[in-house]
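Enquirer:
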């Protein structure tokens, strides 16, 4: 009977050791999984931060390009208006000169008998 108790005690001890071992392995796997999950979350947070910084920089670049385009368009419009005003002024000056010459011609024709 003592042998039976010793064998049963050994089997119980063996089962306790097996349960303890599997439990410690399970705890180690869970800790490893938690650590990997934490590293993954940190990596995702870092990537999200980089993405947001990149988007912010792209928005700043787009705004700067848009502002530059608007400034260039305004400058071109001012130059165009200045040119149009210059053309109108030249046309008016030319028209007044032509008109003056035409008046002189008509007066010369009117008063000059040789003409």
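Numbering (this note's numbering), first residue to last: 122 to 236.
Using N, Cα and C, we set each Cβ at its ideal position, and we do this for glycine too.
State the DSSP-derived secondary structure class of residue 122, mapped to helix, strand or coil.
Expert: In this structure, residue 122 counts as coil in the three-state DSSP scheme.
Enquirer: How long is the line joining the alpha carbons of residue 172 and residue 144, rounded to whole angstroms?
Expert: Those two C-alpha atoms are separated by around 41 Å.
Enquirer: Any beta carbon of chain B sitting closer than 8 Å to that of residue 137?
Expert: Absence of chain B from the displayed structure is noted, only one protein chain being present.
Enquirer: Measure the alpha-carbon distance for residue 88 versus residue 156 and round it to whole angstroms.
Expert: With the chain running from 122 to 236 in the structure shown, residue 88 is simply not present.
Enquirer: How many Å lie between residue 128 and residue 167 at the Cα?
Expert: Approximately 58 Å between the Cα atoms of the pair.
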